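In the numbering used here, the protein residues as written are 55 to 305.
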């Protein structure tokens, strides 16, 4: 079996077939049709195993059986097989995630709640930032001292939320950040009042609707690490403390 065929077998396994089922199905397409002996000669599947594998493939609708002596097998078309496996995959996916939804909704024996979450890595912090911004309905504060932390996706989301009537405030000492919102209607651009030399590791801050917050720092193996919380007492108190200080130190 060459490397391409090995990769195809692996792919079929990801779609729910066993290794033997994948090898028999591929062999029958190579042969167009054949007996158990033909299949065994074309693969490393033992002849004694071909019969049970063929029965399994027939049950799944992936091959047809000719009741002759000896019995001959013919695979369904590639298009038909693709549709059958796609439907099976979607059914299994629905079954798996439906179960997870059921488990999630069941009350646990001991209720616990994680108020503070940690996100590591620039891309994941980007995604969580966009998620918090997208869910805000009344007010957003976004701040960063670095233009590279204002991604295109974050910029688009801020502008979109402003168009939808959300009060958006962008806070930054960086001209490159402020300039990107200079002509965006509904976005208020502010410059932070203070500056400290030890703020070089500060990343970004995101506040949404006074109940969601994300704060990140730069450095370390992950490049950027953030803590975030939503709908929690921690988030509400931290937001109040930051705003009471009157200095969003995220230049």
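Note that the Cβ used here is the ideal one computed from N, Cα and C, for glycine as well.
Computed from a prediction, not measured in an experiment: that's the story for all the values here.
Check, Outcome
"Given a cut-off of 8 angstroms, decide if residue 79 and residue 116 are closer than it, judged by their beta-carbon atoms.", "yes"
"Could you compute how far the alpha carbon of residue 124 sits from the alpha carbon of residue 131?", "23 angstroms"
"Could you pull the DSSP bridge partners for residue 129 from this structure?", "117"
"Note down, in chain order, each residue of its chain lying with its Cβ closer than 7 angstroms to the Cβ of residue 96, except the 5 sequence neighbours on either side.", "81, 84, 85"
"Using C-beta distances below 6 angstroms, list every residue in its chain close to residue 205, excluding the 5 sequence neighbours before and after it, in chain order.", "180"
"Excluding the 5 residues preceding and the 5 following residue 104 in the sequence, name in chain order all residues of the same chain whose CB lies nearer than 7 angstroms to its CB.", "78, 90, 93, 94"
"So what does DSSP say about residue 220, is it helix, strand or coil?", "coil"
"I'd like to know if the segment 290-299 and the segment 224-232 are in contact, where contact means that at least 3 CB-CB pairs between them fall below 8 angstroms.", "no"
"Taking the alpha carbon of residue 242 as the point to measure from, which residue in 274, 197, 135 has its own alpha carbon closest?", "197"
"Tell whether a beta-carbon distance below 8 angstroms holds between residue 228 and residue 210.", "no"
"DSSP beta-bridge partners for residue 194?", "222, 262"
"Going by C-alpha to C-alpha distance, which of 88, 286, 216, 140 sits closest to residue 122?", "88"
"Apart from the five residues on each side of it in sequence, which residues of its chain come closer than 6 angstroms, Cβ to Cβ, to residue 231?", "201, 204"
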